[in-house]
Amino acid sequence: MAPCCSDSNCSNSSKREITSTEVSTHGPPFKTQIGHTTVICGSLPEILGELYHGNHHHGHHIQPAVRLKDTLLAHKETNHCSKTLLHPPAPASGSSKVSSCSEKLCCVRKLSGHVHEIDTDSTTSQSCVEKIGEDSQDSSSTIVEIDDNGISCQVERVVLNVQGMTCTGCESNLRKVLDSIGAISNIKTSLLLAETEFNLKPSEVLHSGNIGHVIEQMTGFSCIKANSSGEELDLILPAGVSVPDGPFPSGLTSMISVGREKIRITYDPKVVGARTLLQDPFFQSAQFASAPTSQDVASGRKETHKSLLLTAISVILTIPVLVLAYANLPDRKVVYGSISLVLATLVQLVAHGFYIKAYKTLRYSRMIEMDMLVVLSTTTAYVYSVIAFAFMAAGRTLSTGGFFETSTLLITLVLVGRTAAAYSRHKAVESISIQSLQVQNAIIVDPKDRNREIDSRLLQYGDIFQVLPDTRIVTDGKILEGETEVDESLITGESTLCLKKPGMTVIAGSINHSGRLLVELTRLPSENTIQSISAMVDEAKSSKARVQEIADRVAGYFTPVVIGIAIIVFVAWVSVGKALRHESTSTACIHAMTYAISTLIVSCPCAIGLAVPMVLLVAGGVGARYGLIFKTAGTIEIGRKISHVIFDKTGTLTQGNPSVVDSSYLTTTDLSSVILALTNNSKHPVSSGVNRLMQTLQSEVSKPVHLEHVISVPGKGIEATSEGLQIRGGSAQWLGVENSPVVQKLLQRKLTIFCVDVSGSLAAVFGLQDQLRPDSLSTIQELKRRGISISLLSGDNEHVVKAIGEHLGIAPEKTRSCCTPAQKQAYVKKQLAIPNSTVLFCGDGTNDAVALAQASIGMQMGGGTDVAQSAADAILMNSSLKRIITLIDLSRSFHRRVVFNFIWSFVYNVFAILLAAGVIPKVRIPPAYAGLGELVSVLPVIAIAMQLRWKKF
Numbered sequence: 001m002a003p004c005c006s007d008s009n010c011s012n013s014s015k016r017e018i019t020s021t022e023v024s025t026h027g028p029p030f031k032t033q034i035g036h037t038t039v040i041c042g043s044l045p046e047i048l049g050e051l052y053h054g055n056h057h058h059g060h061h062i063q064p065a066v067r068l069k070d071t072l073l074a075h076k077e078t079n080h081c082s083k084t085l086l087h088p089p090a091p092a093s094g095s096s097k098v099s100s101c102s103e104k105l106c107c108v109r110k111l112s113g114h115v116h117e118i119d120t121d122s123t124t125s126q127s128c129v130e131k132i133g134e135d136s137q138d139s140s141s142t143i144v145e146i147d148d149n150g151i152s153c154q155v156e157r158v159v160l161n162v163q164g165m166t167c168t169g170c171e172s173n174l175r176k177v178l179d180s181i182g183a184i185s186n187i188k189t190s191l192l193l194a195e196t197e198f199n200l201k202p203s204e205v206l207h208s209g210n211i212g213h214v215i216e217q218m219t220g221f222s223c224i225k226a227n228s229s230g231e232e233l234d235l236i237l238p239a240g241v242s243v244p245d246g247p248f249p250s251g252l253t254s255m256i257s258v259g260r261e262k263i264r265i266t267y268d269p270k271v272v273g274a275r276t277l278l279q280d281p282f283f284q285s286a287q288f289a290s291a292p293t294s295q296d297v298a299s300g301r302k303e304t305h306k307s308l309l310l311t312a313i314s315v316i317l318t319i320p321v322l323v324l325a326y327a328n329l330p331d332r333k334v335v336y337g338s339i340s341l342v343l344a345t346l347v348q349l350v351a352h353g354f355y356i357k358a359y360k361t362l363r364y365s366r367m368i369e370m371d372m373l374v375v376l377s378t379t380t381a382y383v384y385s386v387i388a389f390a391f392m393a394a395g396r397t398l399s400t401g402g403f404f405e406t407s408t409l410l411i412t413l414v415l416v417g418r419t420a421a422a423y424s425r426h427k428a429v430e431s432i433s434i435q436s437l438q439v440q441n442a443i444i445v446d447p448k449d450r451n452r453e454i455d456s457r458l459l460q461y462g463d464i465f466q467v468l469p470d471t472r473i474v475t476d477g478k479i480l481e482g483e484t485e486v487d488e489s490l491i492t493g494e495s496t497l498c499l500k501k502p503g504m505t506v507i508a509g510s511i512n513h514s515g516r517l518l519v520e521l522t523r524l525p526s527e528n529t530i531q532s533i534s535a536m537v538d539e540a541k542s543s544k545a546r547v548q549e550i551a552d553r554v555a556g557y558f559t560p561v562v563i564g565i566a567i568i569v570f571v572a573w574v575s576v577g578k579a580l581r582h583e584s585t586s587t588a589c590i591h592a593m594t595y596a597i598s599t600l601i602v603s604c605p606c607a608i609g610l611a612v613p614m615v616l617l618v619a620g621g622v623g624a625r626y627g628l629i630f631k632t633a634g635t636i637e638i639g640r641k642i643s644h645v646i647f648d649k650t651g652t653l654t655q656g657n658p659s660v661v662d663s664s665y666l667t668t669t670d671l672s673s674v675i676l677a678l679t680n681n682s683k684h685p686v687s688s689g690v691n692r693l694m695q696t697l698q699s700e701v702s703k704p705v706h707l708e709h710v711i712s713v714p715g716k717g718i719e720a721t722s723e724g725l726q727i728r729g730g731s732a733q734w735l736g737v738e739n740s741p742v743v744q745k746l747l748q749r750k751l752t753i754f755c756v757d758v759s760g761s762l763a764a765v766f767g768l769q770d771q772l773r774p775d776s777l778s779t780i781q782e783l784k785r786r787g788i789s790i791s792l793l794s795g796d797n798e799h800v801v802k803a804i805g806e807h808l809g810i811a812p813e814k815t816r817s818c819c820t821p822a823q824k825q826a827y828v829k830k831q832l833a834i835p836n837s838t839v840l841f842c843g844d845g846t847n848d849a850v851a852l853a854q855a856s857i858g859m860q861m862g863g864g865t866d867v868a869q870s871a872a873d874a875i876l877m878n879s880s881l882k883r884i885i886t887l888i889d890l891s892r893s894f895h896r897r898v899v900f901n902f903i904w905s906f907v908y909n910v911f912a913i914l915l916a917a918g919v920i921p922k923v924r925i926p927p928a929y930a931g932l933g934e935l936v937s938v939l940p941v942i943a944i945a946m947q948l949r950w951k952k953f
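Counting from 1, position 704 in the sequence shown corresponds to residue 704 in full-length UniProt numbering; the numbering is continuous, with no gaps.
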């Protein structure tokens, strides 16, 4: 049993209790009222239906902004949650996030306010996580979980930038360490982005402030907490000036030291602007620091620089050892040996990171990975050389002598390989990053019409900025003055110039061609379109494809198997030396050891581990370049298997901008103001078309009409009440007037119908016409040529749907008219039931959300609703349907490169081990050069992945 509310300020005086038994009720989605919070549990389609009905019933508009789909790739059927979210913190602002249990989904909504954001995550086995409110200032705010014992606890979402991971073995080590900490759940890690995020149950011992240090102690990786809320600015303090002390200015939420004479402040831009904050006396001595690069690029650059420094030191120390070992020098072996010993010892110290990581991985994760192979091989060579030198100094030279050059060259070549791999990964991340599109400076216009140039990070709400010809737009905004053509191709992938006029919006990163614009800022640079796209791309890059799980398992077994092979090689060569070559035991062991060392170090699991994520990284960037944003790795993986594409009509196959071409009024009363009010807040294209006509009919004396109880019924229409009269507008079928002569006349003309009735009497009928997208026909023809089945589902009337289907060559049995969201979902489920079927649903509206969630791949057209975007797996930033072809082709290229990388990794390791083990007569890899193994194995994998970047789609 658990109280319904953990908030002592909850206004619900009769706090009720609920049990897990009560929540796991079967049947339709379970819904209960807890204080002022409604809790709904059930499958995603059920919850969507409940949200549509409930929120519209209360006159609310749902605006999810993240995703509704993670749990549905593996689980399409109803799974009722046995746990539930109770009461979140008191409403603050911003986002309302809903997370899910694994294989389950819970949804919570506050009836007294708008639901701004719905988020699900299938990886957690904990219960549901949430924050509800109007103006949140902290995206990682308190989350409330209910465990199996009914005990509530607070959870924080923590994001850490991790430096020091060099291969997927390191990533697996990090994940195992995080898994071993009981307070951590819902873990995501990314080698390429150099970050991890997870849910943390804070306590006095372990909290978000020290969790990075704890992980650093257990893994050897450097962990820095990423900003989770508010805006950040870096400031430089003059020499001798300490960190400001005293009460924080209004809006300042945190201040930390990030280096010598540098501080990082976090503030709420809704409370105080950046320029206003820096004018506060609190920061009078501080100077503005240069703009930092994005976290993933900065982490990669730092890792590359560190690796390059260690490699350079190792090279400088190794060269003299090689000269002393191979040059024709006077016979002073003890002197040369002493120098080699000192230099080899210094090289071992340079490689101390291998030892630390190998030890911590073995201790905390119970894993043996690549670093352990390096440690075993180099330590064996080094220790033997020290022993051989000691014997030589004592006058008892061993038959084989020492080989300091082996241990030093081995370490140097391994470092060279890792530096090359780190540099390649860094350049790959940098090359596909769209952060470079962000303009660093902006020209703002002050109230006195004076222009001045500032750093774009100092922009604040209320600013008006100027955009000059042939310059990039700094951030999203609304045009106040000026007319121009804008190139949005780098954001949307659409090469056609877009005409922009006052009142229209512009997006960050696009290029203004001819005119001068004055733009009112609507989104800060840290939250604009560039950042939104970047976040979605990063989300896909940090997710794992199913084939990646196989690769990780293989890489996990790889190192222990190689150690086993090395032991077998050692024993075999000792036996050969003793039995066939009649060598002494010591000589046979030394010769066998050289083969074992080569076997240990030449093999490389990194190529296997990077086979998938490197290609995924580049594929995600290529998709973004074409205006195709993937939200999960699975979308890229299964896109090549698409067997059936289902299209919505309005806004998908058509341009989504229908205009009224005929209208009939069946009453003498002027209904324009009523219809205007009814359609004002609807995002459906048909309602919007009618609304535009009503706006033109309004006169200066027209009085606005107040409507009550406005309800939007997905797939049908809108209803409301006004002065006791029931007003309904929508499809003729919903209103039951499809047989009306006026309606039939417009239907015969194959027009889309919008009817209005007042208290059951038909009052007005509108006929609308929409234009097909220019590439609709060519896209469908190409899909059919590839053997992909095509269907058309629409809520429009049969005459219109049939006409469009015939024009596009879609078989009549594959078209459906007058579809509700539930009917669209049922059709998708029917297609999924066909063996080996992979279904893509392409739509844009709220009434498509359930079908988008149900399909194998849900693709949302650009400009669609937030609900549709939340349910989709891929988002089209432009209106080109050809990007469906791009998705399929990109997925096929992704698959081919992954297969090649796996084959290359397998072939390389087999032949490298055979050569190193001396299986092939008279051909072997000396231990000193086995360190090149990582370089030789990894670079082709990276090169094949990068080749995808230049492929045309």
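Note that CB positions come from ideal geometry on N, CA and C, so glycine has one too.
Asked                                                                                                                           : Found
Residue 204 - DSSP class collapsed to helix/strand/coil                                                                         : coil
Short CB-CB distance (under 7 Å) between residue 519 and chain D                                                                : The structure shown contains no chain D; it holds only a single protein chain.
When 355, 345 and 374 are compared against residue 386, the one with the closest alpha-carbon                                   : 345
Which residues DSSP lists as bridging residue 755, in chain order                                                               : 730 and 765
Complete alpha helix (DSSP H) runs within the segment 813-852 (minimum length 4 residues, chain order)                          : 821-832
Per-residue DSSP class, three states only, for residue 508                                                                      : coil
Neighbour-count burial assignment, residue 878, 16 or more Cβ in a 10 Å radius                                                  : buried
Anticipated Cβ contact below 8 Å, residue 731 with residue 818, distance rounded                                                : 7 Å
Alpha-carbon to alpha-carbon, residue 882 and residue 163                                                                       : 40 Å
C-alpha gap between residue 251 and residue 504, whole angstroms                                                                : 31 Å
Length of the line joining the Cα atoms of residue 501 and residue 696                                                          : 19 Å
Reduced DSSP category for residue 369 - H, G, I as helix; E, B as strand; rest coil                                             : coil
Backbone CA spacing between residue 915 and residue 568 [nearest angstrom]                                                      : 15 Å
Residue 519 (DSSP reduced to helix, strand or coil)                                                                             : strand
Coil, strand or helix - residue 316 by DSSP                                                                                     : helix
Distance between residue 577 and residue 583 (C-alpha atoms, nearest Å)                                                         : 5 Å
Residue interval of the beta strand (DSSP E) (run including residue 750)                                                        : Element bounds for residue 750: n/a, residue is neither H nor E.
Closest Cα partner of residue 780 within the set 811, 765, 281 and 475                                                          : 811
Three-pair Cβ contact test at 8 Å for the segment 558-568 versus the segment 526-537                                            : no
Same chain, Cβ closer than 7 Å to residue 893, neighbours up to 5 away in sequence not counted                                  : 948 and 951
Inter-residue CB distance, residue 822 and residue 852 (contact presumed, cutoff 8 Å)                                           : Not really, about 14 Å apart at Cβ, beyond 8 Å.
6 Å CB neighbourhood of residue 738 in its chain, flanking five on each side removed                                            : 732
Cross-strand partners of residue 665 (DSSP beta bridge)                                                                         : 764
Close Cβ partners of residue 918 (< 6 Å) along its chain, the five nearest in sequence each way excluded                        : 595 and 924
First and last residue of the uninterrupted beta strand (DSSP E) at residue 185                                                 : 184-190
Contiguous alpha helix (DSSP H) assignments of at least 4 residues, all confined to the segment 528-597                         : 529-542 and 546-579
Cut-off 8 Å between Cβ atoms - residues of its own chain near residue 524, not counting five sequence neighbours on either side : 231, 269, 459, 460, 461 and 475
Spatially closest choice to residue 288 from 806, 832 and 274, by CA coordinates                                                : 274
Residue 223: first and last residue of the uninterrupted beta strand (DSSP E) it sits in                                        : 222-225
Residue 321 and residue 340 closer than 7 Å at C-beta                                                                           : yes
Cβ contact check for the segment 604-618 and the segment 932-940: 3 or more pairs under 8 Å                                     : yes
Given residue 727 as reference, the closest of 714, 705 and 757 once Cα atoms are compared                                      : 757
Cβ contact check for the segment 653-670 and the segment 768-783: 3 or more pairs under 8 Å                                     : yes
Boundaries (first-last residue) of the beta strand (DSSP E) holding residue 877                                                 : Segment: none, residue 877 is in no beta strand (DSSP E) and carries neither H nor E.
Meets three-Cβ-pair contact criterion under 8 Å: the segment 374-393 and the segment 894-903                                    : no
Bridge partners - residue 644, DSSP secondary structure assignment                                                              : 789 and 839
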